[in-house]
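Colleague:
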Amino acid sequence: MGARLIPKVGRVVRVVEEAPLVRTYHIRVEDLAEPQPGQFNVLYVKGFGEVVISISNFRYEGASAIAEHTVRTVGAVTSYIQTALNVGSPIGIRGPYGRGWPLKEFEGLDVLVVGGGIGLAPLRPILKHISRYRDRYGRLMLLYGARRPVDMLYKYEYGEYRAIPNSTMLFSIDMPYIGWSDYVGFVTDLIDRVSLDPEATVAYVCGPEVMMKVAASKLVKRGLREDRIFLSLERRCRCGIGVCGTCQLGHLFVCKDGPVFSYQEVKDYLAVGGL
Amino acid sequence: MAAQLTKYFKGGLGDLRALFDAVKNYVSVVVGYRVSGDAVGFGPVESLESLPLGLEDSQAPGAYRLSRGSSGFFRHSHASPKYWLHLPVQEVFTVLEDYAVDIARYDTYSAALFGIKPCDLVSMEVLDRILKNDDSYWSRRSKIELVVVEECTVPGATCFCGSIGTGPSASTGFDIAYARLSNGIIFKYGSEKGLRILEKLELTEVSEEDVAEYERAIARAGELTRYLPPPSEISKSLERSVSDTSFWKEVSSRCVGCTNCNMVCPTCFCTEFVDQIEPSGRAKRVRQWFGCLSHTYGQVAGTHYRPELYMRYRHFVLHKFLFYPKQVGLVGCVGCGRCITWCPVGIDLREVVSKVVSRYGS
């Protein structure tokens, strides 16, 4: 009874340093359903509460699931995770929840992935998916920006991404940095630097909301269809199953109708502050 | 006309008592508006004496008074069926010292609702739909085996069910409804189960005059509560008003963000989760009501998606008339007027909605 809101107890089996205040936690747990790219889990630490974190990678090891969650220290729960959780620590986990990136529907199209900062975390499963099923998609373009080079996630995997055939990777940082030879400026500027076939491209975007709005409107100007631009939104998510009500964006529940929405579905709501 | 007459029965206070006893025999617990000390809440009702039958409430924007008197007519208090079905505070689970998760168990006894108002009856249909995945809600909702409604022949000063179509009479979703008139009580059934119970009481047949008087009383109450344009017109106007920041700032200028409206609203369902840490090292995970007027509604670590009060007030109004219909196919406002009565500064939702329609209506 009430199983929907009850966490399973898993263990941290690996911690990867990603960037200042950002680590990826590999959590081993029994009986966790396989997520779709872009879905999230709700992590729980005793006495502090829950936090909604996207699933940045997932695999099975025997009967156990290993879910990877990239966590940045922002609030009480994430601070506690960063300071107190190590390999072997118990952690509550429930999920997967939400609507992920629609990938199957767009097989055959070119794929543009635009990420800002920690926003690369929910996009990472797309890169893994396309790498695995390379022949099902057209060109892959990854545009990724962070404040500083040191803030970039999954640096240890860039070689793997670059090795994906027929792919382009462009990187940006916000301010000049010694040794940085790629673009300096907003990640959305990079949209002007890729050649796009607007009739045959699907875009997956995640980052700060203002960055996603700029990216989406630029892509629309480039001729992409609004129902082929997907954003992964953040709101105050608590339950993950559409019963607590606090993640509402207009009539949409970000936790169950999203977190991934087409730009067409949410553009009117995003245009009004505080809706 | 003859077919319609079979729908109704007539009786007196003694028959209401007999009905209460019959209902009480039917289930483990009868629940309704309950006199508790000098106030009226919502919970288990032991006998007819615990119902607020002898009380009169007087309501106005920002004002609520209760008085005693045999001729009184009670509408409602701050408490709606939400208090029983969607508990204000509920335990979800406890995490023990060794991190084992102890799941909270729900009570599972059959219950009947007795004497609830038509507006509150509709609010349950709204909650049923919005909380369809909520195990805790359904653990209690599914145990409601019988619903007895008291129709409103004397509406209150903040009531506007006639505008929404949620009152003053009950149309579906109940087993038995009764209306108190000057010369007796009219009973009607809404289900076969309700009919079987009514048939066992010693009720008399109604005359055509009885039915006519009942219909007049309901029509009069409907007129008295018809302040607003139809809900579809309200929705359309609201949709056009969404980005009018100065309008929403103006209509919410007196709001203090106390969330009273959320707490008393029979269809406000939002909840927040908190961990209560015990000295032993256990942590109890508790779910409690949370309102969109709260200053933290929309706040996350690192940012706030509804930082200004007008945004949160706008959400309250939009959700009832614009978003609820899109989410569950029903208007989320049932016209009970509680948010008007229990607002400490007396902000009148009817006025706000009227302003929206006069500015943005077609």
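Each protein sequence line maps, in turn, to chains A and B.
Residues 404 to 678, numbered by my numbering, are exactly what the first sequence covers, in order.
Residues 11 to 372, numbered by my numbering, are exactly what the second sequence covers, in order.
Ideal Cβ positions, reconstructed from N, Cα and C, are used throughout, including at glycine.
Just so you know, these numbers come straight off a predicted model, no measurement behind them.
Within the continuous beta strand (DSSP E) that includes residue 414/A, where are the two ends?
Modeller: Position 11 of the first sequence, counted from the start, is the residue given in the question as residue 414/A. That run of the beta strand (DSSP E) goes 411-422.
Colleague: Could you run through the segment 626-648 of chain A and flag, in chain order, every residue whose CB is less than 8 Å away from some CB of chain B?
Modeller: Hits within the stretch, in order: 637, 638, 639, 641, 642, 644, 645, 646, 647, 648.
Colleague: Less than 8 Å between the C-beta atoms of residue 571/A and residue 512/A, yes or no?
Modeller: In the first sequence, residue 571/A corresponds to position 168, counting from 1. In the first sequence, residue 512/A corresponds to position 109, counting from 1. No, the Cβ-Cβ distance between residue 571/A and residue 512/A is not below 8 Å.
Colleague: Check whether the Cβ atoms of residue 237/B and residue 360/B lie closer than 8 Å to each other.
Modeller: Taking the first residue of the second sequence as 1, we reach residue 237/B at position 227. Taking the first residue of the second sequence as 1, we reach residue 360/B at position 350. Yes, the pair counts as a contact, with Cβ atoms nearer than the cut-off.
Colleague: CA-CA distance, residue 200/B and residue 126/B?
Modeller: On the second sequence, residue 200/B is found 190 positions in, with the first residue counted as 1. On the second sequence, residue 126/B is found 116 positions in, with the first residue counted as 1. Roughly 14 Å between the two C-alpha positions.
Colleague: With residue 52/B and residue 66/B assumed to form a contact (beta carbons below 8 Å), what rounded beta-carbon distance in angstroms separates them?
Modeller: As a working mapping, residue 52/B is identified with position 42 in the second sequence. As a working mapping, residue 66/B is identified with position 56 in the second sequence. With 8 Å as the limit, residue 52/B and residue 66/B do not qualify as a contact, their Cβ atoms being about 18 Å apart.
Colleague: For residue 282/B, which of helix, strand or coil comes out of DSSP?
Modeller: Against the second sequence, residue 282/B aligns to sequence position 272. Correct three-state label for residue 282/B: strand.
Colleague: If I follow the unbroken alpha helix (DSSP H) through residue 363/B, where does it start and stop?
Modeller: Your numbering for residue 363/B matches position 353 in the second sequence. 359-370 is the extent of the alpha helix (DSSP H) around residue 363/B.
Colleague: Quick check: is any heavy atom of the ligand GDP less than 7 Å from the C-beta of residue 356/B?
Modeller: You won't find the ligand GDP in this model; it holds no ligand whatsoever.
Colleague: Taking just the CA atoms, how far does residue 71/B sit from residue 171/B?
Modeller: Position 161 of the second sequence, counted from the first residue, corresponds to residue 171/B. Position 61 of the second sequence, counted from the first residue, corresponds to residue 71/B. Their Cα atoms are separated by approximately 16 Å.
Colleague: Suppose contacts are defined by Cβ-Cβ distances below 8 Å. Is residue 446/A in contact with residue 495/A by that definition?
Modeller: In the first sequence, the residue the question calls residue 446/A occupies position 43. In the first sequence, the residue the question calls residue 495/A occupies position 92. Yes, Cβ-Cβ distance for residue 446/A and residue 495/A is below 8 Å.
Colleague: What do you reckon, are the CB atoms on residue 567/A and residue 599/A nearer than 8 Å?
Modeller: Locating residue 567/A in the first sequence gives position 164, counting from the first residue. Locating residue 599/A in the first sequence gives position 196, counting from the first residue. Going by C-beta atoms, residue 567/A is not nearer than 8 Å to residue 599/A.
Colleague: Name the chain A residues whose beta carbon is nearer than 8 Å to that of residue 317/B?
Modeller: Numbered from 1 along the second sequence, position 307 holds the residue referred to as residue 317/B. The contacting residues are 677.
Colleague: For chain A, check one thing: does any of its Cβ atoms lie closer than 8 Å to the Cβ of residue 280/B?
Modeller: Taking the second sequence and counting its residues from 1, one reaches residue 280/B at position 270. Closer than 8 Å: yes.
Colleague: Run through DSSP, which three-state label would residue 37/B get?
Modeller: Taking the second sequence and counting its residues from 1, one reaches residue 37/B at position 27. Looking at residue 37/B - three-state DSSP - the assignment turns out to be coil, as it is neither helix nor strand.
Colleague: Quick one: which unbroken beta strand (DSSP E) runs of 3-plus residues sit fully inside the segment 607-654 of chain A? Chain order, please.
Modeller: List check, beta strand (DSSP E) in window: 632-635.
Colleague: Would you list the residues sitting across from residue 331/B in a DSSP beta bridge?
Modeller: Along the second sequence, one-based indexing puts residue 331/B at 321. Its beta-bridge partners do not exist; DSSP assigns none.
Colleague: Output, in chain order, the set of chain B residues within a Cβ distance shorter than 7 Å of residue 407/A.
Modeller: For the purposes of this step, residue 407/A is identified with residue 4 of the first sequence, where counting begins at 1. Under the 7 Å cutoff, chain B gives 143, 145.
Colleague: Looking at the C-beta of residue 74/B, does it have a partner C-beta in chain A at a distance below 8 Å?
Modeller: Taking the first residue of the second sequence as position 1, residue 74/B is located at position 64. No - not a single Cβ of chain A is within 8 Å of the one on residue 74/B.
Colleague: Return the CA-CA distance between residue 561/A and residue 355/B, expressed in angstroms with no decimal places.
Modeller: Here residue 561/A refers to the residue found at position 158 when the first sequence is read from its first residue. Here residue 355/B refers to the residue found at position 345 when the second sequence is read from its first residue. About 59 Å.
Colleague: Of all the options 531/A, 653/A, 669/A, which has the alpha carbon lying nearest to the alpha carbon of residue 325/B?
Modeller: Against the second sequence, residue 325/B aligns to sequence position 315. When only C-alpha atoms are compared, the closest one is 653/A.
Colleague: Which two residues bound the contiguous beta strand (DSSP E) that contains residue 299/B?
Modeller: As a first step, residue 299/B must be located in the second sequence, where it is residue number 289. From DSSP, the beta strand (DSSP E) with residue 299/B extends over 293-299.
Colleague: Which residue from 333/B, 300/B, 177/B puts its Cα closest to that of residue 271/B?
Modeller: Reading the second sequence from its first residue, position 261 is the one you call residue 271/B. Taking only the C-alpha atoms, the option nearest residue 271/B is 300/B.
Colleague: In chain order, what residues of the same chain have a beta carbon less than 8 Å from the beta carbon of residue 712/A, not counting five sequence neighbours either side?
Modeller: Coverage of chain A is limited to positions 404 through 678, which leaves residue 712/A absent and any answer about it impossible.
Colleague: In whole angstroms, what is the alpha-carbon distance linking residue 275/B and residue 131/B?
Modeller: Reading the second sequence from its first residue, position 265 is the one you call residue 275/B. Reading the second sequence from its first residue, position 121 is the one you call residue 131/B. Approximately 13 Å between the Cα atoms of the pair.
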